[in-house]
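Chemist: Here's a structure for you.
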Amino acid sequence: MKVRKFAIADASLERSPGQDGDIFAGNVIDQRHGGPITIGFGRYAPNQSLNETLAVDDVMLVLEGKLSVTSAGSTVTAGPGEIVYMPKGETVTIRSHEQGALTAYVTYPHWQEARE
15 MKVRKFAIAD
25 ASLERSPGQD
35 GDIFAGNVID
45 QRHGGPITIG
55 FGRYAPNQSL
65 NETLAVDDVM
75 LVLEGKLSVT
85 SAGSTVTAGP
95 GEIVYMPKGE
105 TVTIRSHEQG
115 ALTAYVTYPH
125 WQEARE
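Numbers 15 to 130, taken from the numbering used here, label the letters of the sequence shown in order.
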């Protein structure tokens, strides 16, 4: 694999698995490319919520908007330029605010394989 760069336009955004809200994810690097991690973009419409027990370690960088992540009764809120780390095994609720959010993410290992 060679050095590459990606933009949101490179991602084919699809509804995140297991939910019916307006939350979309699009991998730009994953198991099909031979590397050990998945990299992609996420888009959250305003006031959406996603509950999940993480099957992978997940790092989310907020590019636009604002998200809150709640786990074990504690909440962190992140805006543009801030990173949220969510460890494997944590049960989290990710909530977008009134402006929605655009994120970039990195997971280890590949989230699609871990969900199967």
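From the three backbone atoms N, C-alpha and C, an ideal C-beta is built for every residue, glycine too. Every value quoted in this text rests on a predicted model; they were computed, and no experiment measured them.
Three or more C-beta pairs closer than 8 angstroms, one from the region 87–107 and one from the region 36–44: is that the case here?
Modeler: The region 87–107 is not in contact with the region 36–44.
Chemist: What are the complete alpha helix (DSSP H) segments, minimum 4 residues, inside the region 46–85?
Modeler: Entirely contained in the region 46–85, not one alpha helix (DSSP H) run reaches 4 residues.
Chemist: Quick check on Ala39: does DSSP put it in helix, strand or coil?
Modeler: If you number the sequence shown from 1, residue 39 lands on position 25. It is a strand residue.
Chemist: Grouping DSSP H, G and I as helix and E and B as strand, with all else coil, what is Gln33?
Modeler: Working through the sequence shown from its first residue, we reach residue 33 at position 19. In this structure, Gln33 counts as coil in the three-state DSSP scheme.
Chemist: Quick check on the DSSP output: the beta strand (DSSP E) that includes Leu116 runs from which residue to which?
Modeler: The residue labelled residue 116 in the question sits at position 102 within the sequence shown. Where Leu116 is concerned, the enclosing beta strand (DSSP E) stretches over 105–122.
Chemist: When the Cβ atoms of the region 116–125 are set against those of the region 45–59, are three or more pairs found closer than 8 angstroms?
Modeler: Touching, per the Cβ criterion.
Chemist: Check whether the Cβ of Thr91 lies closer than 8 angstroms to any Cβ atom in chain C.
Modeler: The structure shown contains no chain C; it is built from a single protein chain.
Chemist: Quick one: residues in its chain with C-beta nearer than 7 angstroms to the C-beta of Tyr99, no 5 flanking neighbours on either side, listed in chain order?
Modeler: Against the sequence shown, residue 99 aligns to sequence position 85. Only Val73 meet the Cβ criterion.
Chemist: Residues in its own chain within less than 6 angstroms of Thr84 by CB, not counting five upstream and five downstream?
Modeler: As a working mapping, residue 84 is identified with position 70 in the sequence shown. For Thr84, where only same-chain residues beyond five positions count, the Cβ hits under 6 angstroms are Thr107.
Chemist: Among Val76, Asp24, Gly32, which one has its Cα closest to the Cα of Gln126?
Modeler: Position 112 of the sequence shown, counting from 1, holds the residue named residue 126. Per the Cα distances, Gly32.
Chemist: DSSP state of Glu96, grouped into three classes?
Modeler: Sequence index remark: in the sequence shown, residue 96 carries index 82 (1-based). Of the three classes helix, strand and coil, the one that applies to Glu96 here is coil, per DSSP.
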